[in-house]
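**Q** Sharing a structure with you now.
2 protein chains.
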Amino acid sequence: MPSMILPALAALALPAPQADDADLRVAQLRDAALEDDYAYAITEAITTELGPRLAGTAEEARARKWAVTTLTRMGFKNVRDEPFPLKTWVRGVERAMVVGENSQPLVLTALGNSGATPAAGLTGEVVFFPTLDDLKDAPDGSLAGKIAFVSHAMTRTQDGSQYGYYGAVRRQGPAIAAAKGAAAILIRSVGTDSHRMPHAGSTVFPEGTAPIPAAALAVPDADQLERLVGRGAPVRVALTLTPRIVGTQNSGNVVAEVPGRDPAAGIVVVACHLDSWDLGTGAIDDASGCGIVAAAAKRIMDAGRPRRTIRVLWAGSEEVGVFGGKAYFDAHKGDNHVLAAESDFGADRIWRLDTNFAPANKPLADRLAAALAPLGISAGRDPAGGGADVSALVSAGVAGVDLQQDGTRYFDLHHTPDDTLDKVDPAQMRQNVAAWTAMLAVVADAPEAISATK
Amino acid sequence: MPSMILPALAALALPAPQADDADLRVAQLRDAALEDDYAYAITEAITTELGPRLAGTAEEARARKWAVTTLTRMGFKNVRDEPFPLKTWVRGVERAMVVGENSQPLVLTALGNSGATPAAGLTGEVVFFPTLDDLKDAPDGSLAGKIAFVSHAMTRTQDGSQYGYYGAVRRQGPAIAAAKGAAAILIRSVGTDSHRMPHAGSTVFPEGTAPIPAAALAVPDADQLERLVGRGAPVRVALTLTPRIVGTQNSGNVVAEVPGRDPAAGIVVVACHLDSWDLGTGAIDDASGCGIVAAAAKRIMDAGRPRRTIRVLWAGSEEVGVFGGKAYFDAHKGDNHVLAAESDFGADRIWRLDTNFAPANKPLADRLAAALAPLGISAGRDPAGGGADVSALVSAGVAGVDLQQDGTRYFDLHHTPDDTLDKVDPAQMRQNVAAWTAMLAVVADAPEAISATK
Numbered sequence: 001m002p003s004m005i006l007p008a009l010a011a012l013a014l015p016a017p018q019a020d021d022a023d024l025r026v027a028q029l030r031d032a033a034l035e036d037d038y039a040y041a042i043t044e045a046i047t048t049e050l051g052p053r054l055a056g057t058a059e060e061a062r063a064r065k066w067a068v069t070t071l072t073r074m075g076f077k078n079v080r081d082e083p084f085p086l087k088t089w090v091r092g093v094e095r096a097m098v099v100g101e102n103s104q105p106l107v108l109t110a111l112g113n114s115g116a117t118p119a120a121g122l123t124g125e126v127v128f129f130p131t132l133d134d135l136k137d138a139p140d141g142s143l144a145g146k147i148a149f150v151s152h153a154m155t156r157t158q159d160g161s162q163y164g165y166y167g168a169v170r171r172q173g174p175a176i177a178a179a180k181g182a183a184a185i186l187i188r189s190v191g192t193d194s195h196r197m198p199h200a201g202s203t204v205f206p207e208g209t210a211p212i213p214a215a216a217l218a219v220p221d222a223d224q225l226e227r228l229v230g231r232g233a234p235v236r237v238a239l240t241l242t243p244r245i246v247g248t249q250n251s252g253n254v255v256a257e258v259p260g261r262d263p264a265a266g267i268v269v270v271a272c273h274l275d276s277w278d279l280g281t282g283a284i285d286d287a288s289g290c291g292i293v294a295a296a297a298k299r300i301m302d303a304g305r306p307r308r309t310i311r312v313l314w315a316g317s318e319e320v321g322v323f324g325g326k327a328y329f330d331a332h333k334g335d336n337h338v339l340a341a342e343s344d345f346g347a348d349r350i351w352r353l354d355t356n357f358a359p360a361n362k363p364l365a366d367r368l369a370a371a372l373a374p375l376g377i378s379a380g381r382d383p384a385g386g387g388a389d390v391s392a393l394v395s396a397g398v399a400g401v402d403l404q405q406d407g408t409r410y411f412d413l414h415h416t417p418d419d420t421l422d423k424v425d426p427a428q429m430r431q432n433v434a435a436w437t438a439m440l441a442v443v444a445d446a447p448e449a450i451s452a453t454k
Numbered sequence: 001m002p003s004m005i006l007p008a009l010a011a012l013a014l015p016a017p018q019a020d021d022a023d024l025r026v027a028q029l030r031d032a033a034l035e036d037d038y039a040y041a042i043t044e045a046i047t048t049e050l051g052p053r054l055a056g057t058a059e060e061a062r063a064r065k066w067a068v069t070t071l072t073r074m075g076f077k078n079v080r081d082e083p084f085p086l087k088t089w090v091r092g093v094e095r096a097m098v099v100g101e102n103s104q105p106l107v108l109t110a111l112g113n114s115g116a117t118p119a120a121g122l123t124g125e126v127v128f129f130p131t132l133d134d135l136k137d138a139p140d141g142s143l144a145g146k147i148a149f150v151s152h153a154m155t156r157t158q159d160g161s162q163y164g165y166y167g168a169v170r171r172q173g174p175a176i177a178a179a180k181g182a183a184a185i186l187i188r189s190v191g192t193d194s195h196r197m198p199h200a201g202s203t204v205f206p207e208g209t210a211p212i213p214a215a216a217l218a219v220p221d222a223d224q225l226e227r228l229v230g231r232g233a234p235v236r237v238a239l240t241l242t243p244r245i246v247g248t249q250n251s252g253n254v255v256a257e258v259p260g261r262d263p264a265a266g267i268v269v270v271a272c273h274l275d276s277w278d279l280g281t282g283a284i285d286d287a288s289g290c291g292i293v294a295a296a297a298k299r300i301m302d303a304g305r306p307r308r309t310i311r312v313l314w315a316g317s318e319e320v321g322v323f324g325g326k327a328y329f330d331a332h333k334g335d336n337h338v339l340a341a342e343s344d345f346g347a348d349r350i351w352r353l354d355t356n357f358a359p360a361n362k363p364l365a366d367r368l369a370a371a372l373a374p375l376g377i378s379a380g381r382d383p384a385g386g387g388a389d390v391s392a393l394v395s396a397g398v399a400g401v402d403l404q405q406d407g408t409r410y411f412d413l414h415h416t417p418d419d420t421l422d423k424v425d426p427a428q429m430r431q432n433v434a435a436w437t438a439m440l441a442v443v444a445d446a447p448e449a450i451s452a453t454k
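Chains as they are written, first to last, in the UniProt record's numbering: chain A, 1 to 454; chain B, 1 to 454.
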């Protein structure tokens, strides 16, 4: 496992490294990328010309077509759309009103895979659960005809690590409420903002559990509903949600390559996802990631053929269950991947490097850390997971690199209507491109074999 | 006109003022109000129990009833609802889509008094005008069948002074576009945020001009539409807006009093407005103002009967054209008002005092400035206007006091769905209550006559 203090120890224990030609070349590519305009231009075009790109829809298909054209024009080789079938869920009407003496509307959005109410809606009494554990503790059948309301609040961290724990309310809460007989469930959005912006996102109903209507309230609306419940009298909500499954449609992954000089040296895959939730234009999630990885790969391509092939993966259907990543793995698990990385956490500056290299790759890890340090990036101690769309590869033993972005404001915007181009800071985005360019320059031309820790 | 430097000059030119009993009492009331909880409790109740309170609707009527009950319970006298008729406009469906190869939804909201599209919507080519002057310059008839888009952008100031100039796009733009034959008009929201939050607000169609559909795009959507127009190809938008006039309904003003010891000394009126736009819960606009003025008046009442009557005016129908202020003036212009003030700019801290006192009231102005200085409030040089609902009084010669609030973030939230309780900072709100309490303590008990400059 890499250590935060490894570079310092190395500097003490070893002769001062010589700035050889390879190091100089990496530094030059990195510093030139601090002037990058490709990443922002790609992000601008995806968000402006394509807009929302919900998995399995005509909008996602249009985005793939645009992507093939764009990546081809940029000079990448072997550009192709690799389609796969997707059971496609789409949003319908979404409306909620507190009824009775405090009647007022609430702002919410259906969770992906939510069931539908009758077209005319349903009305039920709200049963409040401060946390997911409180919902789990509710007796079976106690929620019959009721609307469960789980208000577990996520707080802000730089590494976004609360999403795992608090995201469980969204991922698991609806199925738990359904099993207890609830007519519907409302959750506090899994987000850190205080705007009237509900945070979409998928939930999962296991086989055999009929989906119930499930929606996320904007954070101020969750606050409001808590206050109303706190007044003591029963609170009833009229809820209309009419999402539906529109059958099996095509989704797909777009793949493009910078062919390497040495086919035996293996493939470095750099990923993002092209699909987005439908409420915003998917700027930080994840047009910016597609811009960053494509811009970095193009910079390496334009600087001369690298030793290893760099494969750019713009995945489809990430948001609705990482189906693109799964399809890529199924189609390409036999390819000679040696390293995988993904940019899917916005476009704010990268602050930490995590890897999962084998001990024999310590010199590679050191060169990578040295190349990134001038960008304000230090080596972390978490084993790299690679990111959602390449996690299957990393789980299968491919080395991973995580260029960890600052997520302080990411969950203010994540999956909301507010995920739009203006949230991308071009200066921070350039630092990302420089880091990805430096990383690719190091790993694609590394003379040694690359392997993951066991 | 008061001067920022008057207090300093006064200190130089005159003997140091003695902290007499009256000054001490003002200071004690002021400092006690820094612990105020009434204002926040009122604001919390209005926003939570009542929610949106659009002028002329059942929700506004419910709010007036609640207000009469609440102000009576607080101990005010002569509490009453003074109804007046209002031609009532209500929102309908609002939906916009860019059509064609960049098809995507846009977030917008109808402006008050907007006309309606056909129920099935209308589609038109967008004609872009960077500023209102550009729209004014468009030849007559040149917009026939088109959708005008005016994207004049407001920027942030502490005193909110840009609202006057940039607000003209909203107030006048639709009538100008209608006169030139436009099928509809879209404006950039008059706001300083970058959220997917359209800013509502009234527009005006003069007699004889048929209202056209008129809506405000959220700021990111105005940016997006500018980018699409900037690509050069014609941009078409499908627009559905179905607001309507629901006839003449009752609106009304709620009035409450702290009776004074000396009826001949006149009335000090402190105002806010109880109605709100329908998208948010009207927390900063203007439940907080109602909380602040009622809390301050109650603190004076509880400290013993003041010399002058303090009249609390919670006006109706401010948002849709200051109809409550007009109705109050018509009903009460014969009353012996000596001073008027309004809190209607959020709940952030007060930073400046403006008055319009006659020169003979310089000692009063000095005492007022001295009472407010410990709260970080300095004397400004603008003649006080009193605020929308009391502006008719001030125009008619009643003295006005403006306790200017910090508006730096006000137009991020103004008239949006995001105007909710969480935007009120209790600490800054207490500073407001302290300032209003100190102001009332000075003016309600001032031994001298109070009059406005001519």
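Here a beta-carbon is modelled for each residue, glycine too, at the ideal position from N, C-alpha and C.
Going by alpha carbons, who is nearest to Gln224/B out of Asp445/A, Ile46/A and Arg367/A?
**A** Along the second sequence, one-based indexing puts residue 224/B at 224. Taking only the C-alpha atoms, the option nearest Gln224/B is Ile46/A.
**Q** Go through the segment 123-189 of chain B residue by residue and report every complete run of the beta strand (DSSP E) that reaches 3 residues or more, in order.
**A** Correct list: 147-150 and 184-188.
**Q** For the segment 38-50 of chain B, list every residue whose C-beta sits within 9 Å of some C-beta in chain A, in sequence order.
**A** Result list: Glu44, Thr47, Thr48, Glu49 and Leu50.
**Q** Does the CB of His415/B have a neighbour CB from chain A at under 8 Å?
**A** Translated into the one-based positions of the second sequence, residue 415/B becomes position 415. No, His415/B does not count as interfacial toward chain A.
**Q** For the segment 217-247 of chain B, which residues have a beta carbon sitting closer than 7 Å to at least one beta carbon of chain A?
**A** Pro220, Asp223, Gln224, Arg227 and Leu228
**Q** Give the DSSP-derived three-state secondary structure of Asp21/B in the structure shown.
**A** For the purposes of this step, residue 21/B is taken as residue 21 along the second sequence, with counting starting at 1. Looking at Asp21/B - three-state DSSP - the assignment turns out to be helix.
**Q** Would you please verify whether the beta carbon of residue 477/B is less than 8 Å from any beta carbon of chain A?
**A** The first residue shown for chain B is 1 and the last is 454, placing residue 477/B beyond what the model contains.
**Q** Check whether chain B comes within 8 Å of Thr107/A, counting only Cβ atoms and requiring the distance to be less than that.
**A** As a position in the first sequence, residue 107/A is number 107, starting the count at 1. Looking at the sequence itself, residue 107/A is Val, so the reference to Thr does not match. Taking a beta-carbon distance threshold of 8 Å, Val107/A counts as an interface residue toward chain B.
**Q** Which same chain residues, not among the five before or five after Thr420/B, have their C-beta less than 7 Å away from its C-beta?
**A** Position 420 of the second sequence, counted from the start, is the residue given in the question as residue 420/B. In chain order, Thr47, Gly280, Thr281 and Ala283 place their CB closer than 7 Å to the CB of Thr420/B, counting only its own chain and leaving out the 5 sequence neighbours on each side.
**Q** Please go through the same chain and pick out, in chain order, the residues whose beta-carbon is closer than 8 Å to the beta-carbon of Gly160/A, but skip the five residues on each side of it.
**A** Along the first sequence, read from residue 1 onward, the residue named residue 160/A stands at position 160. Closer than 8 Å at Cβ, skipping near neighbours: Phe345, Gly407, Tyr410 and Phe411.
**Q** Please go through the same chain and pick out, in chain order, the residues whose beta-carbon is closer than 8 Å to the beta-carbon of Val394/B, but skip the five residues on each side of it.
**A** Start at 1 with the first residue of the second sequence, and residue 394/B comes out as number 394. The answer, listed in chain order, is Ala340, Asn356, Ala384, Gly385, Gly386, Gly400 and Ala452.
**Q** With 8 Å as the threshold, decide whether the Cβ of Arg196/B is near any Cβ in chain A.
**A** Mapped onto the second sequence, residue 196/B falls at position 196. Taking Cβ atoms only, chain A reaches closer than 8 Å to Arg196/B, which makes this a yes.
**Q** Should the segment 173-186 of chain A be called in touch with the segment 131-142 of chain A, which here means at least 3 C-beta pairs below 8 Å?
**A** yes
**Q** Who are the neighbours of Pro52/B on chain A, taking C-beta pairs under 9 Å?
**A** Walking along the second sequence from the start, residue 52/B turns up at place 52. Near Pro52/B (Cβ distances below 9 Å), the residues of chain A are Gln104 and Pro105.
**Q** Over the uninterrupted beta strand (DSSP E) stretch that includes Arg305/A, give me the two end residues.
**A** On the first sequence, position 305 is the one that residue 305/A refers to. Neither: Arg305/A is in no beta strand (DSSP E) and is coded neither H nor E.
**Q** CB-CB under 6 Å to Ala233/B, same chain, minus the five flanking residues each way: which ones, in chain order?
**A** Here residue 233/B corresponds to residue number 233 of the second sequence, with the count starting at 1. Correct list: empty, nothing qualifies.
**Q** Using a beta-carbon distance below 8 Å, is Asp422/A in contact with chain B?
**A** In the first sequence, the residue the question calls residue 422/A occupies position 422. Chain B contact via Cβ: present.
**Q** Would DSSP call Glu318/A helix, strand or coil?
**A** For the purposes of this step, residue 318/A is taken as residue 318 along the first sequence, with counting starting at 1. If DSSP states are grouped into helix, strand and coil, Glu318/A belongs with coil.
**Q** Measuring only the C-alpha atoms, how far is Arg244/B from Leu403/A?
**A** Numbered from its first residue, the second sequence carries residue 244/B at position 244. Numbered from its first residue, the first sequence carries residue 403/A at position 403. One alpha carbon belongs to Arg244/B, the other to Leu403/A, and they sit about 53 Å apart.
**Q** Considering only residues of the segment 360-427 of chain B, which uninterrupted beta strand (DSSP E) runs meet the minimum length of 3 residues and lie entirely inside it, listed in chain order?
**A** Those beta strand (DSSP E) runs which fall completely within the segment 360-427 of chain B and span 3+ residues are 399-405.
**Q** CB Leu368/B to CB Ile350/B, shorter than 8 Å?
**A** Within the second sequence, residue 368/B is the residue found at index 368, counting from 1. Within the second sequence, residue 350/B is the residue found at index 350, counting from 1. Result no, Cβ atoms of Leu368/B and Ile350/B do not sit closer than 8 Å.
**Q** Would a C-beta distance cut-off of 8 Å place Lys298/A and Met439/A closer than the cut-off?
**A** As a first step, residue 298/A is located in the first sequence; it is residue number 298 there, counting from the start. As a first step, residue 439/A is located in the first sequence; it is residue number 439 there, counting from the start. Contact flag unset, no.
**Q** Quick check: what's the CA-CA separation for Met429/A versus Ala222/A?
**A** Counting from 1 along the first sequence, the entry for residue 429/A is found at position 429. Counting from 1 along the first sequence, the entry for residue 222/A is found at position 222. One C-alpha to the other measures close to 33 Å.
**Q** Using the Cβ count rule (16 or more neighbours within 10 Å means buried), how would you classify Glu448/B?
**A** Along the second sequence, read from residue 1 onward, the residue named residue 448/B stands at position 448. With fewer than 16 Cβ atoms within 10 Å of its Cβ, Glu448/B is classed as exposed.
**Q** Return the chain-ordered ranges of every alpha helix (DSSP H) run that is complete within the segment 193-235 of chain A and spans a minimum of 4 residues.
**A** 219-230
**Q** Answer yes or no: do Gly316/B and Ser378/B have a C-beta to C-beta separation smaller than 8 Å?
**A** Along the second sequence, read from residue 1 onward, the residue named residue 316/B stands at position 316. Along the second sequence, read from residue 1 onward, the residue named residue 378/B stands at position 378. Their beta carbons are not under 8 Å apart, which means Gly316/B does not touch Ser378/B by this criterion.
**Q** Take residue 542/B as the anchor and find which of Val93/B, Val433/B and Gly167/B has the nearest alpha-carbon.
**A** Any property of residue 542/B remains undetermined from this structure, which presents chain B solely from 1 to 454.
**Q** Am I right that Val424/A and Ser288/A are in contact with their C-beta atoms under 8 Å? What's the rounded C-beta distance?
**A** Translated into positions along the first sequence, residue 424/A becomes position 424. Translated into positions along the first sequence, residue 288/A becomes position 288. Indeed they touch by this definition, with Cβ atoms about 5 Å apart.
**Q** Could you please give the first and the last residue of the uninterrupted alpha helix (DSSP H) stretch that includes Ile42/A?
**A** The residue labelled residue 42/A in the question sits at position 42 within the first sequence. Taken as a continuous stretch (DSSP letters only), the alpha helix (DSSP H) holding Ile42/A covers Tyr38 to Ala45.
**Q** Just verifying my parser: in three-state terms, what is the DSSP assignment at residue 455/A?
**A** The structure shown has nothing for residue 455/A, since chain A only spans 1 to 454.
**Q** For the alpha helix (DSSP H) holding Thr453/A, just list the boundary residues, first then last.
**A** Working through the first sequence from its first residue, we reach residue 453/A at position 453. No alpha helix (DSSP H) contains Thr453/A, which DSSP labels as neither H nor E.
**Q** Can you tell me the Cβ-Cβ gap for Asp81/B and Arg64/B, rounded? I've got them flagged as a contact below 8 Å.
**A** As a first step, residue 81/B must be located in the second sequence, where it is residue number 81. As a first step, residue 64/B must be located in the second sequence, where it is residue number 64. Confirmed, Cβ separation roughly 5 Å.
**Q** Please identify the residue among Val442/A, Leu313/A and Ala120/A whose C-alpha is closest to the C-alpha of Leu24/A.
**A** Working through the first sequence from its first residue, we reach residue 24/A at position 24. Ranking Val442/A, Leu313/A and Ala120/A by Cα distance to Leu24/A puts Val442/A first.
**Q** Pull up the distance between the alpha-carbon of Tyr165/B and that of Asp21/A, whole angstroms please.
**A** On the second sequence, residue 165/B is found 165 positions in, with the first residue counted as 1. On the first sequence, residue 21/A is found 21 positions in, with the first residue counted as 1. Distance between the alpha carbons of Tyr165/B and Asp21/A: 60 Å.
**Q** What does the Cβ neighbour count give for Thr416/B, buried or exposed, with the cut at 16 atoms within 10 Å?
**A** Sequence index remark: in the second sequence, residue 416/B carries index 416 (1-based). A residue is called buried when at least 16 other Cβ atoms come within 10 angstroms of its Cβ; Thr416/B meets this threshold and is buried.
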